[in-house]
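So the sequences go chain by chain: A and B. Everything in the first sequence is counted per this note's numbering, starting at 2 for the first residue and increasing by one. Everything in the second sequence is counted per this note's numbering, starting at 2 for the first residue and increasing by one. Cβ coordinates follow ideal geometry from the N, Cα and C atoms, glycine included. Quick caveat: nothing in here was measured; it's all calculated off a predicted structure. One structure below.
Protein chains: 2
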Amino acid sequence: MNAVVLASGGLDSTVTAAVARQEGWDLYLLTVLYGQRHQVEVACAKNVAAWVEAKDHKVLTLDLSVFGGSALVGDGAVPKNRSEQDRGGGIPVTYVPARNTVFLSLALAFAEVVQAQSIFIGANVLDYSGYPDCRPEFLQAFQEVARLGTKLGLEGRAVKIHAPLLQMSKAQIIQRGRELGVPFEMTHSCYDPDEAGMSCGQCDSCLIRLEGFRQAGREDPIPYQVQ
Amino acid sequence: MNAVVLASGGLDSTVTAAVARQEGWDLYLLTVLYGQRHQVEVACAKNVAAWVEAKDHKVLTLDLSVFGGSALVGDGAVPKNRSEQDRGGGIPVTYVPARNTVFLSLALAFAEVVQAQSIFIGANVLDYSGYPDCRPEFLQAFQEVARLGTKLGLEGRAVKIHAPLLQMSKAQIIQRGRELGVPFEMTHSCYDPDEAGMSCGQCDSCLIRLEGFRQAGREDPIPYQVQ
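Put into structure tokens, the structure is as follows:
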């Protein structure tokens, strides 16, 4: 049975791929390059694809920066060293317009071609409470689109959306990854790495990751510019 | 008030743009290049954008051919000279996996950035009965995704999906386009044009278009290789 996994090379999507592999799916990884600053994630995603023994790994370039509208696609500075309280308030500037809708729709296209029964996404409500497209009701609505808008759905084989990390804390995700033997040194989370690809240690994503490792009582194996 | 219009340079999307313009929206056109054979449509879309006085026109390249899976993205021959009966049966090989889901998700990203209240799409159930993602229930489900998965939706300004041609025959679409002064010579429908961009006159899309003009009692102003 085939499953498409959205794989950014980040910590969450890598643990998600590991969960899918443990469940016994044949994995088809999809990495979407969306004009973000951290193209280093592609190299990570390739290593992850090899590690999970993916049947196939597609890398799709999609220049969302033509629309502008978010710090992650080049319009505005990535905020640094924000407190947990500041990070919790409202929709972050790193929100990419309709990102998960776009990602899931591309995963759906891939799923139709490889006749996959499932799409796995590393969406998470706790650390990304400000992102509307990480909420369970959004994922449920997208599953309905997948059922109604595809040949697979018409044939009664609608694709299911799986978000196994949806309700987990970062520490729980790290713990789950450890149990599954995830090579965290392969993964990458920074919104704003330097030219060599080294994580900044100060953006929201780095801070959440570092706190997650601390709470899990583990050391993050990747190097940081500042920590 | 802003509206995003999915504009392929084809007949249906051009009439759709004309309808949106007549309703008084400020138009933001989006053309998605998805590795299809008929990139000539971009040139058409640019002319259409000028004709409807679009505030902006974005052209986004998205190589869906990496997934394979359809005649329109380079995997298999485009069928020619099929009867209406043959064309009506099941899902055509020209069906592109999850195409409208992908297009609408990109339109949604654009809509978030320009704070659009509407997305217009030239979807049509009659001529494309085999395409699951041209059905009203699919469009309704996508509207729910747009409401739940975006910042605009969270703020109570959810984007509406408009498909003004949904229940019209091709002859009715042509008639509506005539009333709105649509320059049909700017538009292009062929799945398999020659290198100079001339329409084949034999693929399903050409046959449907030509029959539509006949039924509307009009002459199609574009040239064909065979007619």
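Cβ-Cβ distances below 6 Å link Ala217(A) to Ala172, Ile175 and Gln176 in the same chain, with the five nearest sequence neighbours on each side left out; the list follows chain order. Under the Cβ distance rule, Ser170(B) does not count among the residues neighbouring chain A, no pair being separated by less than 8 Å. Any Cβ of chain B closer than 8 Å to the Cβ of Asn3(A) would place that residue at the interface, and such an atom is absent. When the alpha-carbon of Phe68(A) is set against those of Val60(B), Val67(B), Ser66(B) and Gly69(B), the nearest one is in Val60(B). Counting of Cβ neighbours within 10 angstroms places Gly182(A) among the exposed residues, the total staying below 16.
Within the same chain, Cβ atoms closer than 8 Å to the Cβ of Arg219(A) are found at Ile175 and Arg179, the five residues on either side in sequence being excluded. Taken in chain order, the unbroken stretches of beta strand (DSSP E) that lie wholly in the region 46 to 75 of chain A and span 3 residues or more are 57 to 62. Cβ proximity to chain B below 7 Å picks out Asn101, Thr102, Val103, Ser106, Leu107, Leu109, Ala110 and Phe111 from the region 101 to 112 of chain A. Straight across, the Cα-Cα distance linking Asp195(B) with Cys45(B) is about 15 Å. Judged by their CB atoms, Ala164(A) and Leu7(A) are not nearer to each other than the 8 Å cut-off.
For the options Gln203(B), Arg210(B), Pro224(B) and Ala117(B), the alpha carbon positioned closest to that of Ala197(B) is the one of Pro224(B).
Using a Cβ-Cβ distance cut-off of 8 Å, the region 47 to 55 of chain B and the region 5 to 21 of chain B are in contact, since at least three pairs of beta carbons, one from each stretch, lie closer than that value.
Apart from sequence neighbours up to five positions away, the residues of its chain that approach Glu42(A) with a beta-carbon distance below 8 Å are Ser9, Gly10, Gly11, Thr32 and His189, ordered along the chain.
Per DSSP, Val183(A) lies in no beta strand (DSSP E) and is assigned neither H nor E. Beta bridge pairing from DSSP links Asn3(B) with Asp27(B). The beta carbons of Leu34(B) and Leu63(B) sit closer together than 8 Å.
Around Gly123(B), no beta-carbon contact reaches into chain A at under 9 Å, the shortest distance being about 16 Å. Under the Cβ criterion (8 Å, minimum of three pairs), the region 105 to 120 of chain B counts as touching the region 147 to 163 of chain B. Per the C-alpha coordinates, the member of Arg215(B), Glu113(B) and Ala110(B) positioned closest to Ser170(B) is Arg215(B).
Under the three-state reduction of DSSP, Ser119(B) is assigned to strand. Here the alpha carbon of Phe139(A) sits roughly 22 Å from the alpha carbon of Ile122(B). With a cutoff of 8 Å on beta-carbon distance, Met187(A) and Asn48(A) are scored as near each other.
DSSP, reduced to helix, strand and coil, places Thr151(A) outside both helices and strands of the structure shown, so it counts as coil. Here Gly25(B) is exposed: its Cβ has fewer than 16 other Cβ atoms, across all protein chains shown, within 10 Å.
When C-beta distances to chain B are compared with 9 Å, the residues of the region 50 to 74 of chain A below that value are Lys59, Val60, Leu61, Thr62, Leu63, Asp64, Leu65, Val67, Phe68, Gly69, Gly70 and Ser71, in chain order. In this structure Gly150(A) is buried. Its beta-carbon is surrounded by 16 or more other beta-carbon atoms within 10 angstroms. In this chain, the alpha helix (DSSP H) harbouring Ile209(A) covers Asp205 to Gln216.
Within 9 Å of the CB of Arg136(A), the CB atoms of chain B belong to Leu149 and Gly150, in sequence order along the chain.
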